[in-house]
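Novice: In the UniProt record's numbering, the protein residues as written are 1 to 837.
The beta-carbon is built from N, C-alpha and C at its ideal position, and this holds for glycine as well.
Just passing along the structure, written as structure tokens.
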């Protein structure tokens, strides 16, 4: 083998080959340093700017002395500092008149004036669900730039963008309109539990620090229409026309998926559809990405070429349509990345130069981070760039499609056109299957980190779905372009698009039900991801390292084993009991991690969405490395205590569910058993034992030092509703007692207090701290050291109970203020900490 061929196989990395990659890596290092180390490493943005100036000056000086390599290092250090300064400015800087300075922690009524900055989005009301205590209405939302806020009769100038949510359907409003809003304004709510999705951070990445909500469309009034020449108004009008075209020609069944696929509008999709795409790992098909932009540019290029349009005009028109499409669908990170890739490729064609895919990807990253440096930490952005990087790597190494050797070309020359067509299709399918598998393999740890799910079914169905998705995209783009001029063509394209999406949705729904199609698991740690992807990046950038393939596979397998081992191992010692009261709003969930490794839940529900309750509890359990729930005790039949259980049954192995004898009794539930019976159905479908427990029963646990006893209700209950018959659970370990009474109230609470007083260390305040649970009497009966109120943001509703328990010497902890409340009981006593400082 010649020396030249060896060099071709293992190219040596040099700074001149991928200069933009070095710049992008340096910028990422600066942004990361400010996010994770900025509080103690750098005192402020001025320090970053000073480092940048000094490094730039040093680079210029070194360059003048002929030290080009060292000067390049200094210049990259300046880029690092610029990244840190830019992130610090966007993440931490708040103007003197910023809206957040007027926003309280708890939302309060407000009147303000704002300008609409985004198209209006509608979300239909979800289907009726017995597990949702308060039925949800349809919702509208849009982004607004607040200009003034009213204080009494005076108006104060302010600034800042926020997301406006309207309960109901708002009509006839466009970007540029000036509106008056009567609503509720508050700071974005922080994360209250470990493992919970950080919505406030996601909004902060977009420069939004507040939330604005109105209960009715009548609370929003347009006082001045935007100008007719507003670009935002034009783009919104184009988007609305495209949505109308899709709805008209694709139909109601596949229309919502078509809108998501073509325009990135997922608000019309049902929860079941989104869940199916998420379970199969194909949710990326519903995100406007490089496929959409590339197909648009390619289709326009081929169409113009067919009409013998000059290359210059092909380039100009293709670039113009790509920019227009990106503006209409919204300049999200995947769209920006794809648009930059396509536009720079077109620019390279115009200059008769061959563009480096790695440099193009790095340029896309620079543009995305310049627009919003916090996108570096968003899961969608990370997955988007990683997926494209894997595809680029596959293409460069010839894994997707290699150059045929002379023998293959000679054999092909003797084939018929039918054989050549079949061979070509088989080759493309093989390449697509290999690419799908490798993308799935390399992004799986990152998906697991962000979403706690592994979907083997994804790489199996993706090669099958891509042709249908691509054809649906082309047909949909035709509906939104040619279809405006030729309605018969739009009708035909609508049938094609609808049929392709029907196959896509059906395949995804089928794959989501496969027994081994997906599994939920705790995600790897951040440091594990950094080492894993850092090592892969070094091997990809420096192929001259010559790591043997077998050694590489063995090292990767070992590192994966380390990751799963670390996720499974937790700090709970065999001589400790950990009790965590999760912040689920008006609801209850207490997680008991018992010595010996068992996990038990007391209730798992909230007054709001069942999915939200399940997500909160699941996120916490995964953050603790828990994959198996040994038991769930459902205190009584109010949905805010168990509506998260069906979601947990889908994600975890559950040993048993315990209920009171009156859980499914119509007498105790006012004759309405719709929600309890639905719970029973879900439990039976999951093949989980459903057992009744009552007073004096004890639950068996692995560690005999732990005693879990049912103190209430008696076998046949007490006269009263489900609240009065709540399960009162006593947990004792190492001389400490935890008391969990559910929504215990009269006459059940009097029955309990008729027993001898029970000295308690940790108490869950009955009925979320309600005054109807006899707080003075119950506080005197159990004398808790800590009383935890599990409820919503209405702290005043628990003031009477708080005073009563505080009078008896208890420390009051409210989950709406403290976040999750954790107690650790061990030989050294009881330690307590709150999730929020």
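Residue 764 to residue 97, Cα distance in whole Å?
Specialist: 42 Å
Novice: Tell me which same chain residues have a C-beta within less than 7 Å of the C-beta of residue 816, skipping the five on either side of it?
Specialist: Answer for residue 816: 583, 791, 792, 793 and 795, listed in chain order.
Novice: Whose C-beta lies closer than 7 Å to the C-beta of residue 571 among residues of the same chain, with five residues either side of it excluded?
Specialist: The pLDDT assigned to residue 571 is 47, lower than 50, so where the model puts this residue is not dependable; a value taken from the coordinates is nonetheless given after this. Cβ neighbours of residue 571 beyond the five flanking positions: none.
Novice: Buried or exposed: which applies to residue 482, given that a residue is buried once 16 or more other Cβ atoms fall within 10 Å of its Cβ?
Specialist: exposed
Novice: Counting only the same chain and skipping the five closest in sequence on each side, list residues whose C-beta sits under 6 Å from that of residue 213.
Specialist: Around residue 213: 165, 183 and 184.
Novice: Helix, strand or coil for residue 109? Go by DSSP, reduced to three states.
Specialist: strand
Novice: Can you pull the DSSP bridge partners for residue 579?
Specialist: 592 and 823
Novice: Measure the alpha-carbon distance for residue 254 versus residue 465 and round it to whole angstroms.
Specialist: The alpha-carbon atoms of residue 254 and residue 465 are separated by roughly 15 Å.
Novice: For residue 465, does the three-state DSSP call read helix, strand or coil?
Specialist: helix
Novice: Can the beta-carbon of residue 695 be found less than 8 Å from the beta-carbon of residue 714?
Specialist: In terms of Cβ geometry, residue 695 and residue 714 form a close pair [threshold 8 Å].
Novice: For residue 666, I'd like the list of residues in its chain whose CB is within less than 7 Å of its CB, leaving aside the five on either flank, ordered along the chain.
Specialist: 673
Novice: Measuring alpha carbon to alpha carbon, tell me which of 79, 94 and 22 ends up nearest residue 30.
Specialist: 79
Novice: Output needed for residue 524: all residues of its chain with C-beta closer than 7 Å, excluding positions within five of it in sequence on either side, in chain order.
Specialist: 445, 448, 449, 563 and 567
Novice: For the structure I just gave you, are there three or more beta carbon pairs, one from the stretch 297-304 and one from the stretch 268-280, closer than 8 Å?
Specialist: no
Novice: Please specify which runs of the beta strand (DSSP E), each continuous and at least 3 residues long, are wholly inside the stretch 638-703, giving them in chain order.
Specialist: 657-659 and 690-692
Novice: Which term fits residue 823, buried or exposed, when burial requires 16 or more other beta carbons within 10 angstroms of its beta carbon?
Specialist: buried
Novice: What's the C-alpha gap between residue 751 and residue 717?
Specialist: 10 Å
Novice: Using C-beta distances below 6 Å, list every residue in its chain close to residue 655, excluding the 5 sequence neighbours before and after it, in chain order.
Specialist: 630 and 631
Novice: Throw me the rounded Cβ distance for the residue 53 and residue 99 pair, which I believe falls under 8 Å.
Specialist: At roughly 33 Å, the Cβ-Cβ gap does not stay under 8 Å, so residue 53 and residue 99 are not in contact.
Novice: Report yes or no: do the stretch 797-806 and the stretch 769-784 share at least 3 C-beta pairs separated by less than 8 Å?
Specialist: yes
Novice: Check for me: the beta strand (DSSP E) holding residue 808 runs from which residue to which?
Specialist: Unbroken run through residue 808: none, as it is neither H nor E.
Novice: Please go through the same chain and pick out, in chain order, the residues whose beta-carbon is closer than 8 Å to the beta-carbon of residue 309, but skip the five residues on each side of it.
Specialist: 317
Novice: In chain order, what residues of the same chain lie with their CB nearer than 6 Å to the CB of residue 599, ignoring the 5 residues before and after it?
Specialist: In the same chain as residue 599, and ignoring 5 residues on each side of it, the C-beta atoms closer than 6 Å to its own belong to 593, 626, 629 and 630, in chain order.
Novice: Please state whether DSSP places residue 536 in a helix, a strand or coil.
Specialist: Residue state for residue 536 is assigned as helix, using DSSP reduced to three classes.
Novice: DSSP beta-bridge partners for residue 222?
Specialist: 179
Novice: Just to check my reading of the structure: residue 193 and residue 819 have Cβ atoms closer than 8 Å, yes? What is that Cβ distance to the nearest angstrom?
Specialist: 6 Å
Novice: Cβ of residue 638 within 8 Å of Cβ of residue 722?
Specialist: yes
Novice: Alpha carbon to alpha carbon, how far is residue 86 from residue 242? Give it in angstroms, no decimals.
Specialist: 37 Å
Novice: With a 10 Å radius around its C-beta and 16 neighbouring C-beta atoms as the bar for buried, classify residue 358 as buried or exposed.
Specialist: Around the CB of residue 358, 16 or more other CB atoms lie within 10 Å, so the residue is classed as buried.
Novice: If the criterion is Cβ atoms closer than 8 Å, does the pair residue 162 and residue 113 meet it?
Specialist: Not a contact, by the Cβ cut-off of 8 Å.
Novice: With a threshold of 8 Å between beta carbons, is residue 722 in contact with chain B?
Specialist: Of the protein chains in the structure, only one exists, and it is not chain B.
Novice: Quick check: the Cα distance between residue 95 and residue 126, rounded to an integer number of angstroms?
Specialist: Going by the C-alpha atoms only, they are around 39 Å apart.
Novice: Kindly indicate which three-state DSSP category residue 426 falls into: helix, strand or coil?
Specialist: If DSSP states are grouped into helix, strand and coil, residue 426 belongs with the helices.
Novice: Which term fits residue 766, buried or exposed, when burial requires 16 or more other beta carbons within 10 angstroms of its beta carbon?
Specialist: buried
Novice: Could you give the distance in angstroms between the alpha-carbon of residue 320 and the alpha-carbon of residue 92?
Specialist: 36 Å
Novice: Secondary structure at residue 157, three-state DSSP: helix, strand or coil?
Specialist: strand
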